[in-house]
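Reviewing the structure listed below.
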Amino acid sequence: MTRRTLLSLGSALAALGVARPLAAEETFEVTKTEAEWRAILTPAQYAVLREEDTERAGSSPLNDEHRKGTFFCAGCDLALYSSDAKYDSGTGWPSFFEPLPNAIATKADWGLLGKRTEVHCRRCGGHLGHVFNDGPEPTGKRYCMNGLALVFRPA
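Note that the numbering used here has the sequence shown beginning at 29, numbered continuously upward.
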């Protein structure tokens, strides 16, 4: 489901009193026009990072990435997650128990199943995935990320 579809659905549900209105848009250090984003991202990356789409579970080669290294934002190249925080959550998406310092931001994401917490790159605002409270120690968090939103670089 695309961000546009979700926003339309959210507006309709808000009109019925089912959903809360969206918060004011954030501002980010890295900003580009839609055409500039489309020029640097693949269509699938654009759908995930800029329209808050979700890739199909099990489709990312990053699920099987086990080397030491760092996962960067595919939109602005900000370092987001260390391979030391990656684990196999069994969900079909690359998962981490904590981000790197000052790498991500979150916001409430209201959908058909209720409230979730959306994770985005704090520098460009690119949608990365969601965070849940069912991860391993030491944080108890599961940052369930779209592989299309990430670029891995081995150490």
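Ideal placement from N, C-alpha and C gives every residue a C-beta, glycine not left out.
Worksheet item: How would you call Pro129, buried or exposed, if buried means at least 16 neighbouring beta carbons within 10 angstroms?
Response: Counting from one through the sequence shown, the residue named residue 129 turns up at place 101. Exposed is the call here.
Worksheet item: Does the segment 114 to 123 come close enough to the segment 140 to 155 that 3 or more CB-CB pairs lie under 8 Å?
Response: no
Discussion item. Can you find the residues in the same chain that come closer than 7 Å, C-beta to C-beta, to Thr145, ignoring five residues on each side of it along the sequence?
Written reply: Residue numbering aside, residue 145 sits at position 117 when the sequence shown is read from its first letter. Thr134, Ala136, Asp137, His158, Val159, listed in sequence order.
Discussion item. Rounding to the nearest angstrom, what Cα-Cα distance links Ala177 and Val147 in this structure?
Written reply: Stepping through the sequence shown from its first residue, residue 177 is reached at position 149. Stepping through the sequence shown from its first residue, residue 147 is reached at position 119. Approximately 11 Å between the Cα atoms of the pair.
Practice prompt. Kindly identify the DSSP beta-bridge partner or partners of Gly97.
Written response: Reading the sequence shown from its first residue, position 69 is the one you call residue 97. In DSSP, Gly97 forms a bridge with Pro182.
Item to complete: Within 10 angstroms of the Cβ of Lys169, are there 16 or more other Cβ atoms? Answer buried if so, exposed if not.
Response: Here the question's residue 169 lines up with position 141 in the sequence shown. By the neighbour-count rule (16 or more Cβ atoms within 10 Å), Lys169 is buried.
Discussion item. Tell me the DSSP secondary structure of Leu108 in three-state form.
Written reply: The sequence position of residue 108 within the sequence shown is 80, counting from 1. In the structure shown, Leu108 sits in a strand (DSSP, three-state: E or B).
Worksheet item: Exposed or buried, which one is His155 when buried takes at least 16 other CB atoms within 10 Å?
Response: As a working mapping, residue 155 is identified with position 127 in the sequence shown. Result: buried.
Worksheet item: DSSP state of Gly45, grouped into three classes?
Response: As a working note, residue 45 is residue 17 in the sequence shown. The predicted model places Gly45 with a pLDDT of 36, which falls under 50 and marks its position as unreliable, so this point remains unresolved.
Worksheet item: Which same chain residues, not among the five before or five after Arg66, have their C-beta less than 8 Å away from its C-beta?
Response: Position 38 of the sequence shown, counting from 1, holds the residue named residue 66. Once the five neighbours on either side are set aside, the close Cβ partners of Arg66 are Tyr74.
Item to complete: Taking Trp121 as part of the alpha helix (DSSP H), name the residues at either end of that continuous run.
Response: Reading the sequence shown from its first residue, position 93 is the one you call residue 121. Careful: Trp121 lies outside any alpha helix (DSSP H) and carries neither H nor E.
Worksheet item: Is Gly139 helix, strand or coil when you go by DSSP?
Response: One-based indexing of the sequence shown puts residue 139 at position 111. Three-state result, Gly139: strand.
Worksheet entry | Residue from Asp92, Pro127, Ala102 whose Cα sits closest to the Cα of Ile68 | The residue given as residue 68 occupies position 40 in the sequence shown. Nearest C-alpha to Ile68: Ala102.
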